[in-house]
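Residue numbers (my numbering), protein chains in the order written: chain G, 8 to 246; chain L, 8 to 246; chain X, 249 to 546; chain S, 249 to 546. No residue lacks a Cβ here, since even glycine has one placed at the ideal position from N, Cα and C. In what follows, a single structure is set out as structure tokens and then discussed.
Given below as structure tokens:
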């Protein structure tokens with residue numbers, strides 16, 4: 008997952024992530040140390056900009072992030088989320104649908120949710136980021152649903168938004184992207200089959216002829232990952 | 008002037024001043040060191056809160072103000088100016104009228120001012136301070152006019168404002184206050200006569216029977232003033 | 249005359265400044281800088297909270313007050329425990345209707361407090377945020393006005409001014425001049441927007457220390473009404489640059505909130521009278537040492 | 249691959265980032281932190297400014313550009329020289345109609361940039377500010393909308409996003425991570441609101457210095473487009489905690505602006521090609537030493 012996410016980031020981009028982000032933090036730092044030296048990444052609530060990340064912590068607000076190039080106050084980070092400066096927003100959800108909308112509000116009907124989710128946090132700003140990348144620590148039919156019950160972060164919806172929308176989805180099973188605004192399988196992680204993915208996805212995923220294999224980390228990437236994350240925070244994140 | 012202003016401040020008040028404020032800065036610090044130990048004063052653009060002020064500088068944004076209890080960023084100071092926290096705002100103007108309105112915009116008609124003033128800066132916030140104190144470095148009929156050409160800071164105007172309005176005016180000649188929302192002579196500085204004041208005021212000032220003499224600084228106040236202001240910035244300010 | 253100090257006991261601070269039925273702000277974010285010593289005292293004194301205001305990501309600070317049955321409604325951008333899981337008291341009370349949730353988002357959390365801090369009647373939002381379900385779920389706090397420059401519709405949020413806020417800083421002097429040693433989260437805007445502020449600190453430092461560090465002072469004392477000297481007062485959450493969160497205790501908390509939360513409250517809140525008592529019950533000096541000793545890059 | 253540095257020459261920075269006809273922001277306040285090395289270069293290159301945006305109190309930064317005949321209009325909260333007197337170029341050009349003044353106030357200066365920084369279409373003002381002459385004089389930038397929560401009229405200001413801003417910081421690394429050693433004035437909001445940012449600094453420090461002081465970094469490098477290494481570049485204004493303003497020179501400037509400003513520009517601006525040239529003309533090392541040596545309380 009880390010490698011796929013890292014390679015999804017380009018040099019000079021500004022990247023932002025919220026809660027529960029050990030994996031995106033690690034991926035961003037690995038990208039910065041390999042192909043994207045001018046990447047800027049901002050770790051959510053902590054306000055850490057380009058933290059050294061040794062060691063990688065579990066919490067996005069951990070004080071171990073504070074060896075960084077700036078501790079940018081959260082209200083300023085949020086101002087930035089509305090500006091064209093943010094190239095990539097890392098997103099997730101309790102539910103994610105075929106058009107890339109994400110839901111953290113809950114499951115059920117307004118006023119009588121049978122499952123009350125934690126809340127939308129920063130996901131509404133997906134409407135303004137240049138693009139966003141969805142990552143999730145599980146891959147099953149409860150998460151990947153035909154249509155989310157509530158929209159916390161809009162994917163390809165009918166209303167016009169500033170964002171070009173979701174560009175990539177990374178799960179513990181596979182990498183996906185979008186074709187005509189619908190989710191499409193792109194590559195399988197080692198030892199994963201197409202059936203494992205389709206069985207665990209609650210809608211008809213577009214399956215192209217040339218589903219590749221998600222590239223393994225290079226030796227260089229592995230060295231960085233082990234140095235940055237000695238506690239294994241990234242591995243522990245996967246459900 | 009310093010003594011009159013200092014004694015016009017009460018313990019526990021929060022006081023703010025803008026440009027060209029050597030005298031109010033000195034007065035606030037003297038008040039703090041004598042009868043008002045819980046006074047808080049904020050020096051305009053510098054953001055200095057309760058600066059030590061040794062030495063007292065000429066400019067309200069001087070870095071010599073920065074030995075202080077906080078360097079409060081100016082945008083936060085301005086937020087504070089709109090809050091009920093500010094008890095006293097120090098004000099001034101190119102023109103000041105009988106009702107205590109102040110003008111820094113200019114003299115003449117809109118669109119064709121014959122004298123273009125520097126601009127209103129923070130004076131519009133007079134409408135929100137609990138009360139305000141006017142001080143001026145000159146006392147003449149160009150400054151004290153029947154009605155200001157433009158309102159930068161509203162005194163007792165027809166519209167309702169949150170402020171209780173101007174409470175005191177201190178000039179190089181005298182101290183004034185307000186009776187029924189009109190300016191009234193309160194006390195004369197040493198060697199100043201009632202005639203000197205009325206001749207230099209462009210409207211009918213209320214002259215009560217018991218015009219007092221502005222109290223001289225005590226020995227304690229003088230000691231503080233000399234220590235805080237060795238360069239004589241306060242004295243130099245008077246035109 | 250001499251200057252008055254603002255350091256008082258937590259019991260006195262809660263009695264004086266937290267009124268029954270108030271709008272309460274609680275600072276900190278996720279499992280960091282939650283002012284728990286003061287929050288535990290609010291629970292001991294059973295103060296009822298009309299409406300709870302938090303940072304964009306609330307944690308135990310909100311969940312414990314909710315679990316104690318004291319909260320009527322909450323502005324909710326997020327209540328949870330990040331990598332440790334969901335907030336069960338919050339879920340239980342929300343799903344059963346005992347807690348009214350006013351759904352909001354990070355933008356609301358920040359701009360509603362900024363509106364409050366600047367005495368604005370309301371605060372507009374950047375375009376795009378009208379596309380989510382949040383404003384539809386909460387039409388009381390999100391409303392549309394006209395942009396007077398273009399005539400276009402603009403979504404706005406209500407300004408929020410808590411009656412009192414409880415915020416944790418690492419250091420303050422006795423007059424309330426305070427320093428956040430780590431992240432400030434949205435606590436500074438909360439302080440600015442609130443009518444009264446109770447500041448919980450790790451240590452009270454001399455005024456001379458403040459004067460030497462004026463470029464590092466985040467909060468001027470005039471904004472602070474009471475200072476609570478409560479070392480380790482954030483436990484079980486972290487205090488930035490002082491100690492980390494207590495993961496074992498948080499897991500015990502989460503288990504209790506799923507099973508029998510009143511037993512948890514009896515043991516750790518009602519069963520302790522002071523912050524010192526509490527620190528003994530959670531493991532005393534040994535636990536404190538363990539939470540302070542860790543790998544840090546700075 | 250390696251990381252790209254942003255330190256470039258002042259001539260290149262102005263050529264690349266200051267377009268003819270732009271909305272230009274200039275930082276600093278009163279006679280402090282005016283980024284004069286860059287402003288002199290703008291005058292040398294005769295860049296025309298459509299609209300000038302300043303802090304609530306502009307000084308030489310605005311008056312010199314106006315005196316050089318380059319400014320079409322200005323958002324004016326205050327242009328002057330505090331205890332040293334009025335700004336004569338500003339007065340002359342305003343009174344003669346060569347400069348269009350869009351009257352505003354401190355609230356506009358701050359909230360219009362905050363609106364720009366937060367991508368808001370407009371920014372409401374606190375009640376009371378509608379009682380002055382300012383909104384009547386400037387109906388283009390002050391307009392009324394409805395508070396959607398109460399239905400009441402609310403005065404609002406236009407949001408402002410300068411095309412490019414010129415700001416002075418004391419220190420930055422080569423990637424633009426920067427520190428204000430003294431007051432920040434409204435420069436940080438200006439940086440946030442601007443499309444491009446040219447940062448003039450007293451010294452370029454190593455990235456390692458920044459990482460050691462992360463709690464003191466005011467500006468993250470991603471917001472900065474060019475860094476100009478210009479020691480004493482604020483002269484004749486002060487650079488906080490580095491040197492004070494040159495009162496003798498400012499008096500010479502004010503006299504020249506009353507009498508023959510083109511002679512001043514010929515000598516100090518057109519007659520110098522670089523910041524180093526300029527520093528020689530104003531008195532070299534001796535002058536610099538004099539402005540650095542003074543009584544300071546810290």
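Taking residue i as the query, report the chain L residues whose CB atoms sit under 9 Å from its CB, ordered along the chain.
| i | result |
| --- | --- |
| residue 486(S) | 66, 68, 69, 70 |
| residue 353(S) | 126, 127, 128, 129, 130, 131, 132, 159 |
Taking residue i and residue j to be in contact with their CB atoms under 8 Å, please state how far apart those CB atoms are, rounded to whole angstroms.
| i | j | result |
| --- | --- | --- |
| residue 487(S) | residue 416(S) | 7 Å |
| residue 335(X) | residue 125(G) | 7 Å |
| residue 48(L) | residue 35(L) | 4 Å |
| residue 37(L) | residue 13(L) | 4 Å |
| residue 161(G) | residue 105(G) | With a Cβ gap of about 14 Å, residue 161(G) and residue 105(G) do not count as contacting. |
| residue 52(G) | residue 497(X) | No, residue 52(G) and residue 497(X) are not in contact; Cβ-Cβ is about 21 Å, not under 8 Å. |
| residue 291(S) | residue 316(S) | 5 Å |
| residue 391(X) | residue 393(S) | With a Cβ gap of about 12 Å, residue 391(X) and residue 393(S) do not count as contacting. |
| residue 436(X) | residue 466(X) | 6 Å |
Of all Cβ atoms in chain L, is any one closer than 8 Å to the Cβ of residue i?
| i | result |
| --- | --- |
| residue 461(S) | no |
| residue 287(S) | no |
Using a Cβ cut-off of 7 Å, pull out every chain L residue sitting near residue i, in sequence order please.
| i | result |
| --- | --- |
| residue 512(S) | Going along chain L, no residue has its Cβ under 7 Å from residue 512(S), so there is no contact; the nearest lies around 21 Å. |
What does residue i touch in chain G if you count any residue whose Cβ is under 9 Å from its own?
| i | result |
| --- | --- |
| residue 438(S) | Ordered by position in chain G, no residue passes the 9 Å Cβ test against residue 438(S), which lies about 13 Å from the chain. |
Under 7 Å between beta-carbons, which chain X residues line up against residue i? List them in chain order, please.
| i | result |
| --- | --- |
| residue 77(L) | 425, 462, 465, 468 |
| residue 370(S) | 372, 395, 396, 397 |
| residue 92(L) | 470 |
Excluding sequence positions up to five away, which residues of its chain have a Cβ less than 6 Å from the Cβ of residue i?
| i | result |
| --- | --- |
| residue 353(X) | 325, 382 |
| residue 158(L) | 108 |
| residue 444(X) | 265, 412, 473 |
| residue 122(G) | 113, 114 |
| residue 430(S) | 488, 489 |
Keeping to the same chain, check which residues put their C-beta closer than 8 Å to that of residue i; ignore five residues upstream and five downstream.
| i | result |
| --- | --- |
| residue 44(G) | 18 |
| residue 347(X) | 314, 319, 320, 321, 322, 338, 341 |
| residue 355(X) | 373, 374, 377, 405 |
Please list, in chain order, the chain S residues whose beta carbon lies closer than 7 Å to that of residue i.
| i | result |
| --- | --- |
| residue 366(X) | 374 |
| residue 204(G) | Within chain S, no residue comes near residue 204(G); the closest Cβ sits about 34 Å away, beyond 7 Å. |
Which residues in chain G sit within 7 Å of residue i, going by Cβ to Cβ distance?
| i | result |
| --- | --- |
| residue 358(X) | 82, 85 |
| residue 541(X) | Those do not exist, as residue 541(X) stays about 13 Å from chain G at its closest Cβ, beyond 7 Å. |
State yes or no: is the beta carbon of residue i nearer than 8 Å to at least one beta carbon in chain G?
| i | result |
| --- | --- |
| residue 518(X) | no |
| residue 496(X) | no |
| residue 477(X) | no |
| residue 251(S) | yes |
| residue 458(S) | yes |
| residue 489(X) | yes |
Looking at the C-beta of residue i, does it have a partner C-beta in chain A at a distance below 8 Å?
| i | result |
| --- | --- |
| residue 166(L) | Absent from the structure is chain A; the protein chains it does hold are G, L, X and S. |
Report the neighbours of residue i on chain X: residues whose CB is nearer than 9 Å to its CB, in chain order.
| i | result |
| --- | --- |
| residue 417(S) | The contacting residues do not exist; residue 417(S) stays about 13 Å from chain X at best. |
Say whether chain S places a C-beta atom closer than 8 Å to the C-beta of residue i.
| i | result |
| --- | --- |
| residue 404(X) | yes |
| residue 105(L) | no |
| residue 11(G) | no |
| residue 26(L) | yes |
| residue 189(L) | no |
So, is the C-beta of residue i closer than 8 Å to a C-beta in chain X?
| i | result |
| --- | --- |
| residue 336(S) | no |
| residue 245(G) | no |
Taking 7 Å as the cut-off, is the C-beta of residue i nearer than that to any heavy atom in the ligand HEM?
| i | result |
| --- | --- |
| residue 525(X) | For the structure depicted, the ligand HEM is absent and the ligand set is empty, with no information on it obtainable. |
Quick one: what's got a C-beta closer than 7 Å to residue i's C-beta in the same chain, skipping five residues either side?
| i | result |
| --- | --- |
| residue 504(S) | 511, 512 |
| residue 64(L) | 71, 72, 240 |
(message) Please list, in chain order, the residues of the region 374-402 of chain S that have any C-beta partner in chain X closer than 8 Å.
(response) 374, 375, 391, 392, 393, 394, 395, 396, 397, 398, 400, 402
(request) Could you list the residues in the region 292-314 of chain S with a C-beta less than 7 Å from some C-beta on chain G, going in chain order? (result) none
(message) Output needed in chain order: residues of the region 225-236 of chain G with a Cβ under 9 Å from some Cβ in chain X.
(response) none
(request) Report the residues of the region 40-54 of chain L with a CB closer than 7 Å to any CB of chain X, ordered along the chain. (result) 42, 44, 45, 47
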